[in-house]
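Chemist:
Numbering (the working numbering), first residue to last: 95 to 453.
Below, the structure written as structure tokens:
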């Protein structure tokens, strides 16, 4: 009994160390955001204006929605490279089905959402039933969705968009000061945070990502959880595509293309482990804000836009390196714990055997 208490105590210490490392990463993100904000406030007089702050929040909304969906997938140990192409496909479908084929707008939007669900189910089934690597499956879907977007649109923007897109894209709250996308993205973040931190489904997400075998032995339907995570990612990509269509007032086969790396970067920068089982929505939102701030800095300081990709690549590499370091440290601690527990369990048996021989 005492041995079990010691074991639980040491496991709690290891968990606390892991939580401390994640808190340090979040604190580091906050410091980086604050530092970048201070630098930009001195470098450009336009940075701290109300218009620019609202613009930063507005620019981050679509990335936030899609990155939150990606967070669910990474938490279960997967990855979804198809989100950028799904944004493009949902854009041309939602506009093209209404403009070209004369379908009701609500039906066009519903079909686009169902396409996102279908891709998510396909990804989940391929990963869980066919045991295909998520990287390969979603890479294939990236090409498929992008190709379908080009074929359906003829490689051209589809305009004009139905009135609903124009209305939503221009909608603002509080005396035309806050674009409606900002509270919408905040609502998505709050709901996702609640689901992951306060519900049994959220706990199962973390359990499956932490150890699939152990979660199955505990009675958790791991395959179903993984499929649902991919469906959430597919839906979030389509919603992001609808938002981008409303913002740009065009159904385009190229919007969102390449966004998958930025989405993954936001989640990983925010502390979501590429190994699964660790991360949260708050960290992802901080990652989104940091990347959006960097993009805003490039515009304000008249830096060539290609440097945005350079910054994203460097940040991904640093975040991945930190994630690997954290994972290795956790593995080393667990190995030491198991060795210690094994030694403690063997010693009493040896003592008992010695007593029996002496008798």
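All C-beta atoms in this analysis are idealised placements derived from N, C-alpha and C, irrespective of residue type, glycine included.
These figures come from a predicted structure and were not determined experimentally.
1. Looking only at its chain, what residues have a beta carbon closer than 6 Å to the beta carbon of residue 368, apart from the 5 residues adjacent to it on each side?
2. Reducing DSSP to helix, strand and coil, say where residue 331 ends up.
3. Within this structure, are the beta carbons of residue 283 and residue 162 separated by less than 9 Å?
4. Quick one: what's residue 383 bridged to in DSSP?
5. Relative to the C-alpha of residue 121, which candidate in 200, 208, 380 has its C-alpha closest?
6. Rank 285, 307, 338, 337 by C-alpha distance to the C-alpha of residue 374 and give the top, closest one.
7. With burial defined as no fewer than 16 other Cβ atoms inside 10 Å of the residue's Cβ, what is the status of residue 422: buried or exposed?
8. Go through its chain and collect everything with a Cβ distance to residue 386's Cβ below 6 Å, but skip five positions before and after it.
9. Where does the unbroken alpha helix (DSSP H) through residue 153 begin, and where does it stop?
10. Examine the Cβ distances between the stretch 305–324 and the stretch 216–226 and report whether three or more of them are shorter than 8 Å.
11. Just to confirm before moving on: does the CB-CB distance between residue 160 and residue 181 stay below 9 Å?
12. So is residue 273 buried or exposed if we call it buried at 16+ other beta carbons inside 10 Å?
13. What's the gap between the Cα of residue 193 and the Cα of residue 344?
14. Quick one: what's got a C-beta closer than 7 Å to residue 158's C-beta in the same chain, skipping five residues either side?
15. Three or more beta-carbon pairs under 8 Å between the stretch 249–259 and the stretch 343–363, yes or no?
16. Going along the chain, which residues of its own chain have a beta-carbon closer than 8 Å to the beta-carbon of residue 402, five neighbours each way excluded?
17. State the Cα-Cα distance for the pair residue 276 and residue 332, rounded to the nearest angstrom.
18. Identify the continuous alpha helix (DSSP H) that holds residue 222 and give its terminal residues.
19. For residue 208, which option in 408, 164, 187, 222 has the closest C-alpha, if you only look at C-alpha atoms?
20. Report the three-state DSSP secondary structure of residue 266 (helix, strand or coil).
21. Pick helix, strand or coil for residue 227, following the three-state DSSP scheme.
22. When the Cα atoms are used, what is the spatial distance from residue 165 to residue 361?
Modeler: Reading off the structure:
1. 417
2. Three-state DSSP puts residue 331 in a helix.
3. Taking 9 Å as the Cβ cut-off, residue 283 and residue 162 qualify as a contacting pair.
4. Its beta-bridge partners do not exist; DSSP assigns none.
5. Per the Cα distances, 380.
6. Checked all of 285, 307, 338, 337; the closest Cα to residue 374 is 285.
7. exposed
8. 150, 153, 154
9. Segment 144–169, the alpha helix (DSSP H) holding residue 153.
10. Under the three-pair Cβ rule at 8 Å, the stretch 305–324 counts as touching the stretch 216–226.
11. yes
12. Looking at its Cβ environment, which holds 16 or more other Cβ atoms inside 10 Å, residue 273 is buried.
13. Using only the alpha carbons, I get a separation of about 11 Å.
14. Cβ within range, chain order: 279, 283, 379, 382.
15. yes
16. 388, 389, 392
17. 17 Å
18. 199–222
19. 187
20. Correct three-state label for residue 266: strand.
21. coil
22. 6 Å
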